[in-house]
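Report on one structure; see the data block that follows.
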Amino acid sequence: MKKILLVDDEQDIVETLKFVLEAEGYTCFCAYNGEDGLKLAKEIIPDLMVLDVMMPKINGFKISRLLKYDAKYKNIPIIMLTARSQDSDKQIGEETGADVCITKPFDLDEVVLTVAKLLKEKENN
């Protein structure tokens, strides 16, 4: 069973994503700030992460950068959630190693499809 780590300081977003992804058969782990998210990522080494940009302690860009530049974690696909739709945010997301940037408010189906697509790509590599 695939492990997905959800990191967002908005609890309702985490709970909603967890509900939908677990209904698809994934196991979800949750963190509500960047510091806990980074720690949990290193503990469980998830198959995929859904990561919010704007969070207390450590933001999503920094977490993505720290994981992607570490050989042990660099193959974890990262979906970056951003409340700001500026292209600069998406560009920073890509520069820090995020595989996909999705703007909030997001479509749940889009997130589920993106998760499935990234996990399939990871398996095929």
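All the letters of the sequence shown, read from the start, carry residue numbers 1036 to 1160 under my numbering. Where is the CB? At the ideal position from N, CA and C, for every residue including glycine.
Across the set K1077, E1078, L1083, the C-alpha of L1083 shows the shortest separation from the C-alpha of T1062. C-alpha of P1081 to C-alpha of L1041: approximately 10 Å in a straight line. In the structure shown, the three-state DSSP call for I1114 is strand.
When DSSP states are grouped into helix, strand and coil, D1047 belongs to the helix group. For D1087, DSSP records a beta bridge to L1116.
It is roughly 31 Å from the alpha-carbon of E1070 to the alpha-carbon of N1159. Linking V1150 to I1114 through their CA atoms gives a straight-line distance of about 8 Å. In the DSSP assignment, A1066 is bridged to V1042. Annotated as distal: L1086 and L1052, with beta-carbon spacing of 8 Å or more.
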